[in-house]
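Start counting at 1 in the sequence shown, then tack on 54, and there's your number in my numbering.
The beta carbon of each residue, even a glycine, is placed where N, CA and C say it ideally should be.
Keep in mind it's a predicted model, so treat the numbers as computed, not measured.
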Amino acid sequence: MTSKKFITSIIITFVVLIFITGCAKSPSGDDSPRNWKYFNIYASSEDDIIFVQLQDDLGISPKMERYILTVNITNKNNLYIMIGGEQNSSAKKYPWSGLRASVQQGLLGWIGSNKERLE
Numbered sequence: 055m056t057s058k059k060f061i062t063s064i065i066i067t068f069v070v071l072i073f074i075t076g077c078a079k080s081p082s083g084d085d086s087p088r089n090w091k092y093f094n095i096y097a098s099s100e101d102d103i104i105f106v107q108l109q110d111d112l113g114i115s116p117k118m119e120r121y122i123l124t125v126n127i128t129n130k131n132n133l134y135i136m137i138g139g140e141q142n143s144s145a146k147k148y149p150w151s152g153l154r155a156s157v158q159q160g161l162l163g164w165i166g167s168n169k170e171r172l173e
């Protein structure tokens, strides 16, 4: 094997290892926002239709442009969301089951910078 081929094979191996390592740290890991069970989203109806659909599902009228949404699905016997944030005494609590499946999946899958882990 010539030294040129040897160096080329080492470089290719190195690039493949970097690629594999990068994929292992992708947003599907345990720390991914998609895996969080207790979080806030600083929601804006302009960001996505799910933030409007959520209000439809809960019968909220008039619609809010922006709001703090807390999702807590850590306890299977007490799955809930709160509009207004948990620290706000006027926040309203709703059952997680009150949301259609597509909204639930949209919230869990949300990876925007406005999603904050609480657990």
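Inset, instruction - Run the CB neighbour count on T124, radius 10 Å, all protein chains shown included, and call it buried at 16 or more, exposed below. - result: On the sequence shown, position 70 is the one that residue 124 refers to. So T124 ends up on the buried side.
Inset, instruction - Using the Cα positions of G166 and I104, report the straight-line distance between them to the nearest angstrom. - result: As a first step, residue 166 must be located in the sequence shown, where it is residue number 112. As a first step, residue 104 must be located in the sequence shown, where it is residue number 50. Each residue's alpha carbon lies about 13 Å from the other.
Legend entry - Close Cβ partners of R154 (< 8 Å) along its chain, the five nearest in sequence each way excluded: Position 100 of the sequence shown, counted from the start, is the residue given in the question as residue 154. Here the set comprises Q107 and D111.
Legend entry - Range covered by the alpha helix (DSSP H) that runs through L162: Sequence index remark: in the sequence shown, residue 162 carries index 108 (1-based). For L162, the enclosing alpha helix (DSSP H) covers residues A155 to G163.
Inset, instruction - Give me the Cβ distance between Y96 and I122, rounded to the nearest whole Å; I'm assuming they're in contact under 8 Å. - result: Position 42 of the sequence shown, counted from the first residue, corresponds to residue 96. Position 68 of the sequence shown, counted from the first residue, corresponds to residue 122. Rounded, the Cβ-Cβ distance is 6 Å, consistent with contact.
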